[in-house]
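In what follows, a single structure is set out as structure tokens and then discussed.
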Amino acid sequence: MEYKPGEIENKCKAFWEKEGIYKVNIDPNKPKYYVLDMFPYPSGSGLHVGHPLGYIASDIYARYKRLKGFNVLHPMGYDAFGLPAEQYAIQTGVHPAKSTAENIKRYREQLDNIGFSFDWSREVQTCDPAYYKWTQWIFMQLYNHYYDTAADKALPIDELVKHLEKHGNANLNAVADEETPAITAEAWNNMSEGDQQLFLLNYRLTFPEESYVNWCPQLGTVLSNDEVKDGVSERGGYPVERKLMQQWSMRITAYADRLLYGLENVDWPESLKEQQRNWIGRSQGASVKFALEEAPDTKIEVFTTRVDTIYGVTFMVLAPEHELVAQLTKPEQQEEIEKYIKWTASRSEVERMAEVKKVTGAFTGSYCLNPVNGEKVPIYIADYVLAGYGTGAVMAVPSGDQRDWNFAKHFGLPIVPILDAQQNLDEAADATKEGKYINSELINGLAYEEAVPKLISWLEAQGAGRGKIQYRLRNAVFSRQRYWGEPVPAYWKDGVPYLIDESELPLVLPQVDKYLPTETGEPPLGRANDWKYKGQYDYELSTMPGWAGSSWYWYRYMDPGNDQAFVSKEAVDYWQDVDLYIGGSEHAVGHLLYSRFWNHFLYDLGLVPKKEYAKKLINQGMIQGVIEFIYLDKNSTGQKRFVSADLTGQYPDAEWAQIPVHVDFVSDYGKDDSYLDEAGIQQFLEWRQEFKGAAFEANAEGKMVTYSEVGKMSKSKFNVINPDDVVAQYGADCFRMYEMFLGPIEQAKPWDTQGIDGVYKFLRRFYDLFSDKDGHFAVSDEAPDKAELKVLHQAIQKVEQDIERFSFNTCVSAFMIATNELRKLKCNKRDILEPLVVLMAPFAPFTTEDLWSKLDHEGSVHRDGKYPAFNPEYLKEDEVEYPIAINGKTRATASFPSDASKEDLEAAARELEDIQKWIEGKTIRKVIVVPKRMINIVVG
RNA sequence: GCCGACGUGGCGGAAUUGGUAGACGCGCUGGAUUCAAAAUCCAGUUCUGGCAACAGAGUGCGGGUUCGAUUCCCGCCGUCGGUACCA
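Under this note's numbering, the first residue of the first sequence is numbered 971, with each subsequent residue one higher.
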């Protein structure tokens, strides 16, 4: 009975399709379990072997839970809007919908090859109008709500309007823009309808505002930060400028605290939670206003986490970009300040980061007044203060902050101690909170805990400050000047934005002649003909960003066809939330923060049952590729000369260029001594025509040895391994098990086919357990013996435990061990093999399905199989083998009855010949006996 | 700089609560089978010494706690990921 994975796979795929094995429906009689993979973007290059790693793990877990009697939701779909399709459209004119559909088709084929148990009837695509209708709908809800700080949740904007009508915005408990002016009820009621709408934008959870973007005039488009390198566009190297543009924004800052504290209630990797905490960056402190000496009505506002050190302030530092700098600069300082600002602007981010030690700055010539004692404080500018954080101004306390201390030393500014516990201020700042305050009038003699509230209430009474919580998190820009995204369901009337009517959803993406911005710099949607709301008002022309559609998609899977709601109450009540979420750590602060934000909002509206939507999250590690290079002699003019990597040492004076080689041409790919043979060289020349006629200096064996390096698996490195090829050669089950066998799921590792033969060999041997000497399928109905039952139950115990802790690599080992042992025992008994088939079904769905039917079952092991129950009775041993150690070092092993008493064990151990020689002539100080574990004799 | 993770044979990795370090697989060595090769099967394989029994060393480095440490604690070194000169 030969193991032919290809045949088995074709048979199973057809059978599963016909029977709808993986279709799932609400079933109140079964407990639910939701296993979710992070949404893939269907890229043009298809899947490589790194992508399915997480999918295989989640599939194993989903199948395992199904066999354990859970009703498992395990869906898949596509985050189908995105830049690559748009860029392809710009180059080729092919509509992104068309290329995306083709890419999705390819992805689907690749996924099907690996044997996943997705319920494809629930597939969603974010670019489908039936899907993005609801993305737009959620956007509208955000627009129609504000964040109420008293209720600590989102409330309808109508409630806020009622308050404005009666009281203006006095005593309004709402998160608002920092610059929102105070207005009375009268002022509100006298506003025009348009002005009222504009005023409400200060409160809405999504709103348009002017914000800075990286504008590239030559490309006519906005670039993301990582598309800009050293002030020019990465593509083409065109200049990029900061430009103010009207952009939609999401008031995620309203949810900062909830996003922070919510992390405590989810089982996510600690490093990921820490990244989110840092990103939110909550710091508690105080805002303090320092009046200008010469213009007391003008205040410099600073944020500090150490308001208790305010008597130690000896200077003030503003960011060079601070708006008051021009006003503060005295004529005699003009030249120096201008020079400094110019110098700062010329420095790249990287340069500013690299030079942490060097102190730079310039004095403006002006002073402000310390509110607590009226002292004159000189005002400097320096680039260690960032314009984008807090207020762009810092009150400098050199005795308590090292950076301030460095600055004070450099510019000869005083360093005033403020706590009696501060030490060695001549050498460094001391940020201690210990001791009692000195030189600090109001708080002298107090401790930190008493000083802070006293100062804050004093400052509040003076109108000079208040307690404040500062976040690093900023509102998220939600507009993209792109074509291939969800249209924003809004239009503009006299400069005021309005939503379209809910009944008009979806607002469908219009056709355009080109996918480029218009000549006047408007987004591509500006090219759509007659695209106006009610034929007269301009629609919003920007589209939503990539993360819009992925911020709620897990609900759509629960109820994908619903056209009355984004998800029905019935579905969400049953499926609740995601039990297991697997995906890459690159989404740590993007997708995983935005989606939590939307989920909290939907929770506030009572539309979803859980504040946090994913209970447990696992990051799968990246699978890296090996990049192969050959050495080109840089100085070979005329005829180009390539030299085998093992020969380059013979030319000490030569200079080498590393030319990447497509890994398909390389023999023994992935091994240290991978090489190009004659055929490989021909393929290389075919591929890189410019090297036609080059000389190839091979080694003695006629091989061009390549230089190998571990790096990202990507199209541009020519090292993408297509899972289809591996599946064709070894079968899908082997591919699945090998990916798991590589190591722990969270760990990054290079793709390396060296070990795959071992897994293939194992699968063949496993399959072979079911056949007789002549190669015919044969299992016996004989009752199993003790040894066989022990092997089976050891495997059951180990595999079950390891799946539960997501240790899939050790599960594969356990299957190998069981197979090896049963081979030795020549066991082909049904009572052993059949439970083993079920146990292995989540890992090797095809092979086990085939064996299941050969074992005379009608249906599918994945639907009808019952997970074998572990029975510890079978593992019981009459004897236990003990290591016997002298002073902790094992010197002998011996078997003793498993029910032997401590005393008997000690006595028996002492009698052993191998032990006698170690204790002879020595005093036994102590004997430690841990039953069923070990015996240790301490001698001295 | 800060935050997080990690460091075990030639290689991928195992050791779940502090209890025989190196499971399982690759590779390598020897043998069987074969006209031969591939494939398959059997045995061995941390290092050092020894024919062997065995002895010594050994989980990045240095210390500590313990009868006993890959595991716990302190201090270094290195690698990877994240990042923000964050007041």
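Even glycine gets a Cβ: it sits at the ideal position worked out from N, Cα and C.
From a predicted model like this one, the values you see are computed outputs, not experimental measurements.
Grouping DSSP H, G and I as helix and E and B as strand, with all else coil, what is residue 1090? Locating residue 1090 in the first sequence gives position 120, where the first residue counts as 1. DSSP places residue 1090 in helix when its eight states are reduced to three.
Starting from residue 1286, follow the beta strand (DSSP E) in both directions and report where the run begins and ends. Here the question's residue 1286 lines up with position 316 in the first sequence. Residues 1285-1288.
If you run the structure through DSSP and keep just helix, strand and coil, what is residue 983? Here residue 983 refers to the residue found at position 13 of the first sequence. DSSP places residue 983 in helix when its eight states are reduced to three.
What three-state label does DSSP hand residue 1105 in the structure shown? The residue labelled residue 1105 in the question sits at position 135 within the first sequence. Helix at residue 1105.
Limits of the unbroken alpha helix (DSSP H) element including residue 1731: Against the first sequence, residue 1731 aligns to sequence position 761. 1726-1738 is the extent of the alpha helix (DSSP H) around residue 1731.
For residue 1427, tell me which candidate among 1799, 1255, 1060 has the shortest Cα-Cα distance. Position 457 of the first sequence holds residue 1427. Of the candidates 1799, 1255, 1060, the one whose C-alpha sits nearest the C-alpha of residue 1427 is 1255.
Residue range of the beta strand (DSSP E) that residue 1626 falls in? As a working note, residue 1626 is residue 656 in the first sequence. Here the beta strand (DSSP E) through residue 1626 covers 1626-1631.
Backbone CA spacing between residue 1492 and residue 1514 [nearest angstrom]: Taking the first residue of the first sequence as 1, we reach residue 1492 at position 522. Taking the first residue of the first sequence as 1, we reach residue 1514 at position 544. If you take the alpha carbons of residue 1492 and residue 1514, they lie about 15 Å apart.
Quick check on residue 1665: buried or exposed, where buried means 16 or more other Cβ atoms within 10 Å of its Cβ? The count along the first sequence starts at 1 and reaches residue 1665 at position 695. Exposed: under 16 other Cβ atoms inside 10 Å.
Residue 1107: which of 1568, 1877, 1686 sits nearest, CA to CA? Mapped onto the first sequence, residue 1107 falls at position 137. Ranking the options by Cα distance to residue 1107, first place goes to 1568.
Residue 1053 to residue 1462, Cα distance in whole Å? Residue numbering aside, residue 1053 sits at position 83 when the first sequence is read from its first letter. Residue numbering aside, residue 1462 sits at position 492 when the first sequence is read from its first letter. Residue 1053 and residue 1462: Cα-Cα distance of roughly 26 Å.
Exposed unless 16 or more other CB atoms sit within 10 angstroms - verdict on residue 1705: Translated into the one-based positions of the first sequence, residue 1705 becomes position 735. Buried: at least 16 other Cβ atoms inside 10 Å.
Between residue 1123 and the rest of its own chain, which residues show a CB-CB distance below 6 Å, the 5 nearest in sequence each way excluded? Locating residue 1123 in the first sequence gives position 153, counting from the first residue. Contacts found: 1574.
In this structure, how does DSSP classify residue 1115 when only helix, strand and coil are distinguished? Here residue 1115 is taken as the residue at index 145 of the first sequence, counted from 1. In this structure, residue 1115 counts as strand in the three-state DSSP scheme.
Can you give me the Cβ contacts of residue 1614 inside the same chain, cut-off strictly under 7 Å, excluding the 5 residues immediately before and after it? The sequence position of residue 1614 within the first sequence is 644, counting from 1. Around residue 1614: 1667, 1668, 1669, 1673, 1674, 1675.
Which same chain residues end up closer than 7 Å to residue 1067 when comparing Cβ atoms and leaving out the 5 residues on each side of it in sequence? By one-based count along the first sequence, residue 1067 stands at place 97. Counting only Cβ-Cβ distances below 7 Å, and skipping sequence neighbours, we find 1097.
Rank 1837, 1315, 1172 by C-alpha distance to the C-alpha of residue 1113 and give the top, closest one. By 1-based counting over the first sequence, the position of residue 1113 is 143. Ranking the options by Cα distance to residue 1113, first place goes to 1172.
Taking 8 Å as the limit between beta carbons, can you name the residues of its chain near residue 1153, skipping five residues before and five after? Taking the first residue of the first sequence as 1, we reach residue 1153 at position 183. Answer for residue 1153: 1134, 1138, 1139, 1169, listed in chain order.
Considering only residues of the stretch 980-1065, which uninterrupted alpha helix (DSSP H) runs meet the minimum length of 4 residues and lie entirely inside it, listed in chain order? 1022-1037, 1053-1062
Should residue 1549 and residue 1586 be called a contact, given that it needs their Cβ atoms to be closer than 8 Å? Position 579 of the first sequence, counted from the start, is the residue given in the question as residue 1549. Position 616 of the first sequence, counted from the start, is the residue given in the question as residue 1586. The answer is yes: Cβ separation under 8 Å.
Would you decide whether residue 1832 is buried or exposed? Buried here means 16 or more other CB atoms lie within 10 Å of its CB. Position 862 of the first sequence, counted from the start, is the residue given in the question as residue 1832. Answer is buried; the Cβ neighbour count reaches 16.
Measuring straight from C-alpha to C-alpha, what distance separates residue 1791 and residue 1761? By 1-based counting over the first sequence, the position of residue 1791 is 821. By 1-based counting over the first sequence, the position of residue 1761 is 791. Computed Cα separation, rounded: 7 Å.
Counting only runs that start and end within the stretch 1866-1902, where is the beta strand (DSSP E) found for 3 or more residues in a row? 1894-1900
When you compare the stretch 1367-1383 with the stretch 1301-1315, are there three or more beta-carbon pairs, one atom per stretch, that lie closer than 8 Å? no
If you drop the 5 nearest sequence neighbours on each side, which residues of the same chain put their C-beta closer than 7 Å to that of residue 1190? As a first step, residue 1190 must be located in the first sequence, where it is residue number 220. Excluding sequence neighbours, residue 1190 sits near 1486, 1487, 1491.
Indicate whether residue 1714 and residue 1034 have their beta-carbon atoms separated by less than 8 Å. Residue mapping note: residue 1714 aligns to position 744 of the first sequence, counting from 1. Residue mapping note: residue 1034 aligns to position 64 of the first sequence, counting from 1. No, the pair does not count as a contact, with Cβ atoms beyond the cut-off.
In angstroms with no decimal places, state the Cα-to-Cα distance between residue 1210 and residue 1017. Residue numbering aside, residue 1210 sits at position 240 when the first sequence is read from its first letter. Residue numbering aside, residue 1017 sits at position 47 when the first sequence is read from its first letter. Approximately 34 Å, taken between the alpha carbons.
Buried or exposed: which applies to residue 1805, given that a residue is buried once 16 or more other Cβ atoms fall within 10 Å of its Cβ? Within the first sequence, numbered from 1, the residue matching residue 1805 stands at position 835. By the 10 Å Cβ count, residue 1805 comes out buried.
DSSP puts residue 1186 in a beta bridge; with which residues? Within the first sequence, the letter at position 216 stands for residue 1186. 1191.
Evaluate contact between the stretch 1379-1388 and the stretch 1453-1471, counting only Cβ atoms and requiring at least three cross-stretch pairs below 8 Å. no
Unbroken beta strand (DSSP E) runs of length 3 or more, entirely within the stretch 1504-1568: which are they? 1507-1509, 1548-1553
Under three-state DSSP, which class holds residue 1787? Start at 1 with the first residue of the first sequence, and residue 1787 comes out as number 817. Reduced to three states, the DSSP call for residue 1787 is helix.
Along the chain, where does the alpha helix (DSSP H) containing residue 1704 start, and where does it finish? Here the question's residue 1704 lines up with position 734 in the first sequence. Counting along the chain, the alpha helix (DSSP H) containing residue 1704 begins and ends at 1702-1711.
Figure out for me which residue from 1280, 992, 1237, 1130 has the closest Cα to the Cα of residue 1588. Taking the first sequence and counting its residues from 1, the one referred to as residue 1588 is at position 618. For residue 1588, the nearest C-alpha among the options comes from 1237.
Using the beta-carbon count (16 or more within 10 Å), is residue 1793 buried or exposed? In the first sequence, the residue the question calls residue 1793 occupies position 823. Label assigned to residue 1793: exposed.
Who pairs with residue 1781 in a beta bridge, going by DSSP? Along the first sequence, one-based indexing puts residue 1781 at 811. Beta-bridge pairing links residue 1781 to no other residue.
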